[in-house]
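Here's the structure, in structure tokens; my notes come after.
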Amino acid sequence: MRLIKKVTAVSMASCMALSLAACGSSTSETTTAAAAEATEAAGDSSEAADAESTEAAAESTEAAASGEVANKDKPLVWFNRQPSNSSTGELDMTALNFNANTYYVGFDANQGAELQGTMVKDYIEANIDTIDRNGDGIIGYVLAIGDIGHNDSIARTRGVRNALGTAVEANGETDSTPVGTNTDGTSTIVKDGSLEVNGTTYTVRELASQEMKNSAGATWDAATAGNAINTWSASFGDSIDVVVSNNDGMGMSMFNAWSKDQGVPTFGYDANSDAVAAIAEGYGGTISQHADVQAYLTLRVLRNALDGVDINTGISVADEAGNVLSENEYVYNEEERSYYALNVAVTAENYQDYLDSTVTFAPVSNQLDAAEHPTKKVWLNIYNAADNFLSATYQPLLQKYDDLLNLEVEYIGGDGQTESNITNRLGNPSQYDAFAINMVKTDNAASYTGLLSQ
Ligand code: BGC
Ligand code: CA
Numbered sequence: 296m297r298l299i300k301k302v303t304a305v306s307m308a309s310c311m312a313l314s315l316a317a318c319g320s321s322t323s324e325t326t327t328a329a330a331a332e333a334t335e336a337a338g339d340s341s342e343a344a345d346a347e348s349t350e351a352a353a354e355s356t357e358a359a360a361s362g363e364v365a366n367k368d369k370p371l372v373w374f375n376r377q378p379s380n381s382s383t384g385e386l387d388m389t390a391l392n393f394n395a396n397t398y399y400v401g402f403d404a405n406q407g408a409e410l411q412g413t414m415v416k417d418y419i420e421a422n423i424d425t426i427d428r429n430g431d432g433i434i435g436y437v438l439a440i441g442d443i444g445h446n447d448s449i450a451r452t453r454g455v456r457n458a459l460g461t462a463v464e465a466n467g468e469t470d471s472t473p474v475g476t477n478t479d480g481t482s483t484i485v486k487d488g489s490l491e492v493n494g495t496t497y498t499v500r501e502l503a504s505q506e507m508k509n510s511a512g513a514t515w516d517a518a519t520a521g522n523a524i525n526t527w528s529a530s531f532g533d534s535i536d537v538v539v540s541n542n543d544g545m546g547m548s549m550f551n552a553w554s555k556d557q558g559v560p561t562f563g564y565d566a567n568s569d570a571v572a573a574i575a576e577g578y579g580g581t582i583s584q585h586a587d588v589q590a591y592l593t594l595r596v597l598r599n600a601l602d603g604v605d606i607n608t609g610i611s612v613a614d615e616a617g618n619v620l621s622e623n624e625y626v627y628n629e630e631e632r633s634y635y636a637l638n639v640a641v642t643a644e645n646y647q648d649y650l651d652s653t654v655t656f657a658p659v660s661n662q663l664d665a666a667e668h669p670t671k672k673v674w675l676n677i678y679n680a681a682d683n684f685l686s687a688t689y690q691p692l693l694q695k696y697d698d699l700l701n702l703e704v705e706y707i708g709g710d711g712q713t714e715s716n717i718t719n720r721l722g723n724p725s726q727y728d729a730f731a732i733n734m735v736k737t738d739n740a741a742s743y744t745g746l747l748s749q
């Protein structure tokens, strides 16, 4: 089993290195390995089943091994993009309750957004003597918005506006609409904030903000953000004192295009390795959404469901290998069927501890025993193979945890624009034991569950 797994892992790794897209047309090698594993798993499962306390667990293990589980009953985890209405943010509980083994894994968007806003505000206060570059008494910032229909992006825009005093209410909540440009402060979407530091009152103004979506439709688009800062700086560069971004991919693009040379502090989100390293060169700070915990949870809930054990095994309750998380790292909301990792601010004070974003979280890095937890096949997609956070931080972590959890994961990379580009590559769900899904658009859960229900 070990050998088969290694061979497959190597072939998948090289496949990924060549082209994510090419991996979609799965090789015969993978299929053969799966067949061999299924046979072995069948042998393992009768033993394991005896040891299990509940009958349901025994049933699901055996059924999986003999390939009898209907696709609609297989474990499913949504991650990074929570099934929800992209206009109202309302959770799609049908998708979250697709079957008894359906979960979402993400992070606490509001807690993170508040941290992000506070981090920017603290920086301004601590650097008040030098921050106002043109000395007009206005602290001007620009904001790169990721995806106006993505709840993480919405939360971050709100967090920044709330902390800086520029928020305006719309329908009982902070308006998260992009302003376009607002250099004269007349926008009705935001207002001028005021900040008193050492007895002096400063105005804080959102000079400009826009959704960074490219012409093909990809959101959180770093290149678009680089173009935007070039346009903005060309017309009102002296007024820009702070650059804020909903993520590091866009933030680093703006930093490299303009703010690094100008010495203008730039803030992002995700704690990608390149952004953390840039803190030494003047990048203002970022937020870690504890991707090391999220990537673990993503695969761990599938592992637990496939093993037919309590869903919190290795999460709130230590497993036999000693893997366990604490309440400092995540919260579980049972009603929402959602695990949310907690965020940490990464600034000049602590960035040394975050330089490699792809290191697994030590308390959950113990290898599971292959006899007790036989190899299972998982289909997993990344909505956009070019997304900085998912490709540079999340997926490398998943690839480490899949080994530790004895999961053979087929990684599918989407184009970030069309759901069908991904769903087309879920042609044979019966080949897999479980699914991990990262939608292009948060409203589109049914495109996937529809395929699993056929
Ligand atoms: C990350 C972004 C990323 C997005 C993709 C967010 O949680 O912070 O960097 O682009 O997920 O869905
Ligand atoms: Ca100014």
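Take any residue in the sequence shown, count from 1 to its spot, add 295: that is its number in our numbering.
Where is the CB? At the ideal position from N, CA and C, for every residue including glycine.
Any heavy atom of ligand 2 closer than 7 Å to the beta-carbon of residue i?
i: T534; result: Strictly speaking, residue 534 in this sequence is Ser, with Thr absent from that position. Yes, the beta carbon of S534 sits closer than 7 Å to at least one heavy atom of ligand 2.
i: N429; result: yes
i: G467; result: no
i: I433; result: yes
Once you ignore the five residues that flank residue i on each side, which residues in its own chain have a CB closer than 6 Å to its CB?
i: Y743; result: I732
i: N661; result: A616, G617 and N618
i: Q712; result: A511, G512 and A513
i: L490; result: Y497 and V499
i: D605; result: none
i: T478; result: L502 and F531
i: S748; result: K367
i: E409; result: G454
i: D470; result: V463 and I484
i: T322; result: Legend: pLDDT at T322 = 34, less than 50; position of this residue unreliable, value from coordinates given subsequently. Around T322: no qualifying Cβ.
i: S482; result: V474
So does residue i have its beta carbon nearer than 7 Å to some heavy atom of ligand 1?
i: D447; result: yes
i: Q584; result: yes
i: N542; result: yes
i: R376; result: yes
i: Y678; result: yes
i: D403; result: no
i: Y516; result: Here residue 516 turns out to be Asp, not Tyr, going by the sequence shown. D516 Cβ: outside cutoff for every heavy atom of ligand 1.
i: D682; result: yes
i: Y743; result: no
i: Y649; result: no
i: D565; result: yes
i: L685; result: yes
i: G441; result: yes
Using a Cβ-Cβ cutoff of less than 7 Å, which residues in the same chain neighbour residue i once the five nearest sequence positions on both sides are dropped?
i: T519; result: M507, K508 and N509
i: F656; result: D587, V588 and Y591
i: S448; result: I440, G441, D442 and N541
i: S583; result: A566, N638, V639, V641 and Y649
i: K486; result: T461 and V463
i: N394; result: K367, D368 and L371
i: G338; result: Confidence at G338 is low in this model, with a pLDDT of 40, below 50, so its placement is unreliable and the value that follows should be read with caution. Closer than 7 Å at the Cβ level, and outside the excluded window around G338, lies no residue.
Whose C-beta lies closer than 8 Å to the C-beta of residue i among residues of the same chain, with five residues either side of it excluded?
i: R297; result: Here R297 scores only 36 on pLDDT, less than 50, and its place in the model is too uncertain to base an answer on.
i: N739; result: E714
i: A727; result: Rather than Ala, the amino acid found at residue 727 in this sequence is Tyr. Once the five neighbours on either side are set aside, the close Cβ partners of Y727 are K369, K672, V673, W674 and E705.
i: T737; result: R376, Q377, P378, S379, N380, S381, D387, G444, H445 and N446
i: N607; result: N599 and Y627
Inter-stretch contact at 8 Å, needing at least 3 Cβ pairs: the segment 494-504 / the segment 430-443: They touch, by the three-pair rule.
Every unbroken alpha helix (DSSP H) within the segment 572-647, with a cutoff of 4 residues, ordered by chain: When DSSP assignments are scanned along the segment 572-647, the uninterrupted stretches of alpha helix (DSSP H) that are 4 or more residues long and fall wholly within it turn out to be 586-602.
Validate contact between the segment 404-423 and the segment 593-608 using beta carbons, cut 8 Å, 3 pairs: Touching, no, given that fewer than three Cβ pairs across the two stretches are closer than 8 Å.
Contact the segment 624-644 vs the segment 577-588: 3+ CB pairs below 8 Å: Touching, yes, given that three or more Cβ pairs across the two stretches are closer than 8 Å.
Cβ contact check for the segment 389-408 and the segment 361-378: 3 or more pairs under 8 Å: Yes, the segment 389-408 is in contact with the segment 361-378.
Three CB pairs or more closer than 8 Å across the segment 436-443 and the segment 541-559: A contact exists between the segment 436-443 and the segment 541-559.
Validate contact between the segment 558-571 and the segment 457-475 using beta carbons, cut 8 Å, 3 pairs: With a cut-off of 8 Å, the segment 457-475 and the segment 558-571 do not count as touching, because too few Cβ pairs lie within range.
Continuous alpha helix (DSSP H) assignments of at least 4 residues falling wholly in the segment 545-576: As far as the segment 545-576 is concerned, its whole alpha helix (DSSP H) runs of at least 4 residues are 568-573.
Unbroken stretches of the alpha helix (DSSP H), 4 residues or longer, contained in the segment 428-490: Taken in chain order, the unbroken stretches of alpha helix (DSSP H) that lie wholly in the segment 428-490 and span 4 residues or more are 446-459.
Within the segment 352-411, ranges of the beta strand (DSSP E) (whole runs, at least 3 residues): Correct list: 371-374 and 397-402.
Beta strand (DSSP E) runs wholly inside the segment 645-681, at least 3 long, in chain order: Restricted to the segment 645-681, the beta strand (DSSP E) segments that are unbroken, complete and at least 3 residues in length are 671-677, listed in chain order.
4 or more residues per run - each alpha helix (DSSP H) lying fully within the segment 493-552: Taken in chain order, the complete alpha helix (DSSP H) segments of 4 residues or longer contained in the segment 493-552 are 517-531 and 543-549.
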